[in-house]
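As structure tokens, the structure follows; a few thoughts come after it.
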Amino acid sequence: MKPKAMKSTGDRHLSSDIAHALQRNPYRFRVWVNAGLTGLAALCTAIVILPLVAVLVYVVVQGAQRLDIALVTQLPPAPLAEGGGLGNAIVGTLLVVGLATLIAVPLGVFAAIYLTEYRGNHRLVRSIRFATNVLSGIPSIIAGVFAYGMLVATGLTGYSAIAGAVALSMLMIPTIVRTTDEALQLVPFDMRLGASAIGATRYQSILRIVLPAALPSIITGIVLAIARASGETAPLIFTALNSSFWPRGVLEPIASLSVTVYTFATAPFENQQELAWAGSLILVVLVLLTSAIARLVARRARIS
Amino acid sequence: MSSLPPFSSSPSSPPASEWPESRTLTVWDKGIERGFRGVAIACVIGVGLLLGCIVFFIAIDALPAIQSFGVSFIIRQSWNPVENVYGAGAVIYGTLASSAIALLIAVPLGVGTAIFLSEDIIPASIGAGLVFLVELLAAIPSVVYGLWGIFVLIPAYQPIGQWLHEHLSWIPLFSSPPIGPGLLPAGMVLAIMILPIITAISRDSFAALPIELREAAMSVGASRWRTIVSILIPSAFSGIVGSIMLALGRALGETMAVTMIIGNVNRVSWSVLAPTNTIASLLANQFAEARDLQISALMYAALILVMMTLAVNIMAQLIVSRVRVIDKL
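Chains P and F, in that order, give the protein sequences. Residue 8 in our numbering is what sits at position 8 of the first sequence, and the numbering runs on without skipping anything. Residue 1158 in our numbering is what sits at position 158 of the second sequence, and the numbering runs on without skipping anything.
The structure is reproduced here in structure tokens:
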């Protein structure tokens, strides 16, 4: 960088000193250290991104081999049989995740409504927010253990779609409570006052004014929770178990994509391993698609 | 996703008592109002009690095992369904060791990436794209990482493990031949899975630092990395520690990918190339076929896992929430 020419001669001498001091000397040690560390940070980022690329490429390449109509219409093959598909597992995942959503959404949204709209007791509200945050860090398999202890071991439902859905819903609740809570807090208080001014009761203001205003963000949270739940395996292996037949009811063991991928991945048969890759591809597409939808809804909410 | 930031608690609505009623309510209105409120209270209490319920019911189911094995369950290594003698020593070791390996790999990489993405090294638009990719890394299901680990990572790691064993077998860490599944590949996959948490939260805590810190450091002649090392990392330290704690919580309880890669052998070995087992993969493998006392022993192991992750997560939440409070000032 060249300094501007100064008018007086004394200043010119001084300014060339400053110019010299400001010049970056490419042979200085610190310049090398700086460049080296920047390169190291770039390398870290590259190493972090690498597994994502590697996983996606392998899942797409391996999974695409079995991407046909049989994949979604047929039942899984026996160990040495040819062909087959994951039809029952796809239906099973949709069913179990759908049930889990039916349990988690009302619970989570109503809990968030209490946290933001009623807030009777500040200490209670704060401790419930804290508990929800901690709950989101509980390992997913613990949700399975809990559902097993409550529903399966006691014989209440046995191994069943319901037990699996209960386990999954416990993983969805923290996400839904948190995002709904934050979304409701962002609705301006003036809207509640306005509702009250035209004679709305509290529940009317919540249902007709506050919830619709926060709806895009709430939907984002719900979709994110669904995306997470549909890929979960650990809570399902000993609650919903697995099945090689079409779903026969919510009180029967049921197949799911994630559990089928797990059992086929660890099976020694090539046909089943290929299906495991195809199942992974469906799972990854499902999860990435829902995440993308969630982002889109969130962005639209921000624009409006 | 466990990497979401914690609640903000900015007040936007007054407590219930301050709700302004503009008209007299009819009996009908009052009834619905009371019912609506009751449902909300029931839900919030249900959600609030969920954590307690989980611990309580697992503890109840673990009671028979606690009575027959006592505290020595934690250090006893044998897990023998035939003789009905159970101990969680080996799986606790495997849980801690695999998490430690994962942190050793992921912490430097994650913090390095966080700096790269927050310190204006690359154009903001590229940075945003990279942040999105790191988030995607967190969205991929655990079982897919497991599948990838079995068929891609383990074959790729096998020659490296072989080399380590042949040339460095005098170090206890490499004293057993690699058989494919093992502690080291499990730790590597765990590292991949916790990287998004460390990167996202560390990046947030760097981005939250005031620009004046950087300006002041540069104005006294500090280079970019002198600023980062001497000023920014110490200032963002609690956020980084919080992110590491959250990542540790995730690593301790991660199940599917680890189960598929760690080998599921209940044995304590110094070697990172040897197969071992974690609490979570023990649960995943044995619950569906367990009977009687074995179920109770598994519940006992689950209780230990819950307690470990609860402790780590509570500490992490306290640290992260403190960081967030400072942000708001």
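Even for Gly, the Cβ is constructed at its ideal location relative to N, Cα and C. Here the structure is a predicted model, which means the values were calculated and not measured.
- With a cut-off of 8 Å on Cβ pairs, the stretch 75-91 of chain P is not in contact with the stretch 197-210 of chain P, counting fewer than three such pairs.
- When Cβ pairs closer than 8 Å are counted between the two stretches, the stretch 133-152 of chain P is seen to touch the stretch 170-178 of chain P, the count reaching three or more.
- Checking the DSSP bridge columns, you'll see F:V1085 partnered with F:N1080.
- Across the structure, F:W1079 and P:I237 are spaced so that their CA atoms are roughly 21 Å apart.
- Apart from sequence neighbours up to five positions away, the residues of its chain that approach F:R1250 with a beta-carbon distance below 8 Å are S1002, M1193, I1194 and I1197, ordered along the chain.
- Under the Cβ criterion (8 Å, minimum of three pairs), the stretch 1298-1307 of chain F counts as touching the stretch 1051-1069 of chain F.
- Three or more Cβ pairs closer than 8 Å define a contact, and the stretch 226-240 of chain P meets that threshold against the stretch 278-295 of chain P.
- Note that the C-beta distance between P:S280 and F:L1147 is below 8 Å.
- Taking a contact to require three or more Cβ pairs closer than 8 Å, the stretch 1286-1298 of chain F and the stretch 1201-1220 of chain F do not qualify as touching.
- Three or more Cβ pairs closer than 8 Å define a contact, and the stretch 257-267 of chain P falls short of that threshold against the stretch 57-72 of chain P.
- Straight-line spacing of the CA atoms in F:S1238 and F:S1321 works out to 10 Å.
- Below the 9 Å Cβ cutoff, chain F contributes L1147 and F1151 as neighbours of P:W277, in chain order.
- Looking at the DSSP output, F:G1263 bridges to F:T1276.
- Residue nearest to F:A1247 within the set F:N1084, F:I1041, F:N1264 and F:L1096 is F:L1096 (criterion: CA-CA distance).
- Taking a cut-off of 8 Å for Cβ pairs, the stretch 101-121 of chain P and the stretch 259-279 of chain P do not touch, as fewer than three such pairs fall below it.
- The beta carbons of F:S1098 and F:L1190 sit about 6 Å from each other, so the pair counts as a contact at 8 Å.
- The DSSP-derived three-state label of P:R123 is helix.
- Chain order gives the chain F residues near P:L135 as L1050 and L1051, where near means a beta carbon separation below 7 Å.
- Residues of chain F with a Cβ closer than 7 Å to the Cβ of P:I141 are, in chain order, G1253, T1255, A1280, L1283 and A1284.
- P:R202 carries a helical assignment under DSSP once its states are collapsed to helix, strand and coil.
- Among the CB atoms of chain P, one or more fall inside 8 Å of the CB of F:M1260.
- Taking a C-beta cut-off of 7 Å against chain P, the contacting residues of the stretch 1024-1046 of chain F are L1025, D1029, I1032, E1033, F1036, R1037, V1039, A1040, I1041, C1043, V1044 and G1046, listed in chain order.
- Rounded to the nearest angstrom, the gap between the Cα atoms of P:G164 and P:Y262 is 16 Å.
- Under the Cβ criterion of 8 Å, F:R1224 is counted among the residues facing chain P.
- Per the Cβ contact rule, the stretch 1083-1094 of chain F is not in contact with the stretch 22-30 of chain P (fewer than 3 Cβ pairs under 8 Å).
- Straight-line measurement puts the Cα of F:I1045 at about 47 Å from the Cα of F:S1271.
- Each residue's CA atom was taken as its position, placing F:A1236 and P:A298 some 29 Å apart.
- Shortest Cα-Cα distance from F:P1159 to any of F:L1109, F:P1181 and F:R1203 involves F:P1181.
- Between F:A1114 and F:F1206, the gap from beta carbon to beta carbon is short of 8 Å.
- Here DSSP, grouped into helix, strand and coil, assigns F:P1108 to helix.
- For the 8 Å CB-CB criterion, P:T180 and P:G155 do not form a contact.
- Remark: three or more beta-carbon pairs, one from each stretch, lie closer than 8 Å, so the stretch 1098-1111 of chain F and the stretch 38-55 of chain P are flagged as touching.
- Leaving aside the five residues that flank F:P1275 on each side, the residues in its chain whose CB is nearer than 6 Å to its CB run, in chain order, P1181, G1182, G1263 and V1265.
- Think of a sphere of 8 Å around the beta carbon of F:D1061: the chain P residues whose beta carbon falls inside it are G149 and A153, in chain order.
- In the same chain as F:I1150, and ignoring 5 residues on each side of it, the C-beta atoms closer than 7 Å to its own belong to M1260 and I1261, in chain order.
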